[in-house]
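For the record, in the sequence shown the residue sitting at position 183 is 182 according to numbering that gives the first Met the number 0, with numbers rising by one throughout. C-beta atoms are modelled at their ideal positions from N, C-alpha and C, and glycine is treated no differently. Note that the structure is predicted; figures quoted are calculated from it, not measured.
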Amino acid sequence: MVKITRVFREANLVLFFSLLILICAMPAYTEGEKVLMMATTTSTDDTGLLNYLAPRFKDAKGIDLRWTATGTGKALKLGENCDVDVLMVHMPAEEKKFVEAGFGVERREIMYNDFIIIGPASDPCGIKGKPVTEAMQAIKAKQAIFVSRGDNSGTHETERLIWKAADIQVPEKESWYIQAGQGMLATIGIAAERDGYTLTDRGTYIKYEVNAAGNPPLKIMVEGDKALLNQYSVIAVNPTHCPKAKLELANEFIKWITSPEAQKIIKDYRLSGKPLFTPNAKK
């Protein structure tokens with residue numbers, strides 16, 4: 000009984016602090032102001048895309064977009080718990096379950112990039128240019144440092160699927176496998192410190208390159224594999240499940256982000272001349 004009580008207490012503390020972070024991250028607003036609350040991935044935030052989109056959305060629709068960035072698993076939970084109005088996430092299978100369960104109204108694809116495996120320039124496992132499953136097998140065989148997001152994010156889920164595709168059980172208990180439990184930029188930082196490998200989305204890697212003045216210690220080793228597609232979607236929180244969810248404002252955002260105008264903004268967004276996302280919203 001003591002152990003069960005402790006587990007519930009710890010779970011409640013996690014939810015409490017997640018909500019506290021969400022509340023603190025979103026500034027107060029005046030009555031009558033149109034404010035849309037969004038939960039999103041760390042990659043859309045770390046890359047600066049949302050800071051680029053938000054003022055343009057406000058200019059177009061008069062709605063103030065505010066967000067909290069976390070792993071997609073936690074973002075979906077914030078939607079389920081009625082703490083936000085809309086989601087921008089990248090875990091397709093879980094997104095579909097979210098909508099099917101009645102927590103979301105509709106899932107709309109908006110853009111994509113790809114995942115890549117990065118590692119030290121010396122490439123101790125010799126994985127550069129290999130198919131992603133062979134790369135993971137080589138990392139395991141060499142027991143080279145691999146840093147996982149370890150946070151139930153879309154990136155973490157993709158990594159687990161890749162291990163499975165390589166016929167390898169996720170090496171969670173191995174000393175060479177490090178679970179960061181942090182966002183993507185922080186995870187890359189840990190991998191760089193440990194001279195290890197990690198899986199990242201390309202957009203965040205480009206931001207990492209910029210931060211390192213174009214010469215980062217971790218280089219792209221594996222890319223272009225079909226399994227590395229990284230699709231982003233938006234979902235309005237269902238007001239039937241969450242009566243206070245602002246469906247009208249969420250729909251305004253979804254209509255705008257899937258419009259030719261906003262899709263061009265996404266296409267044109269670059270760092271160091273490199274595109275971070277490719278728009279692919281369907282009419």
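**Request:** Return the CA-CA distance between W162 and T132, expressed in angstroms with no decimal places.
**Result:** 7 angstroms
**Asked** Mapping DSSP to helix, strand and coil, what is F145?
**Response** strand
**Prompt:** Of all the beta strand (DSSP E) runs that stay within the bounds of the segment 117-189, which reach a length of 3 or more residues?
**Reply:** 145-147 and 176-178
**Request:** Would you decide whether S152 is buried or exposed? Buried here means 16 or more other CB atoms lie within 10 Å of its CB.
**Result:** buried
**Request:** Indicate the three-state DSSP secondary structure (helix, strand or coil) for D200 in the structure shown.
**Result:** strand
**Message:** Between which two residues does the beta strand (DSSP E) holding R65 run?
**Reply:** D63 to A68
**Message:** Three Cβ pairs or more, each shorter than 8 angstroms: is that satisfied between the segment 118-126 and the segment 237-254?
**Reply:** no
**Request:** Have a look at A92 and M110 and give me their C-alpha separation to the nearest angstrom.
**Result:** 16 angstroms
**Prompt:** Which two residues bound the contiguous beta strand (DSSP E) that contains S232?
**Reply:** L228 to V236
**Asked** Taking the C-alpha atoms as reference points, what is the distance between D150 and T197?
**Response** 14 angstroms
**Asked** Looking at the structure shown, is P278 part of a helix, part of a strand, or coil, going by DSSP?
**Response** strand
**Asked** Is F114 helix, strand or coil when you go by DSSP?
**Response** strand
**Request:** Locate the beta strand (DSSP E) running through T39, then write down its first and last residues.
**Result:** V34 to T39
**Prompt:** Where does G78 sit, in a helix, a strand or coil, going by DSSP?
**Reply:** helix
**Opposing strand residues paired with M87 [DSSP bridges]** = T39 and V233
**Request:** Check R55 in the structure and name its three-state DSSP category.
**Result:** helix
**Asked** Mapping DSSP to helix, strand and coil, what is V6?
**Response** The predicted position of V6 is uncertain, since its pLDDT is 38 and thus under 50; a value taken from the coordinates is nonetheless stated next. It is helical.
**Message:** Among the candidates G72, I205 and V98, whose CA atom is the shortest distance from the CA of D45?
**Reply:** I205
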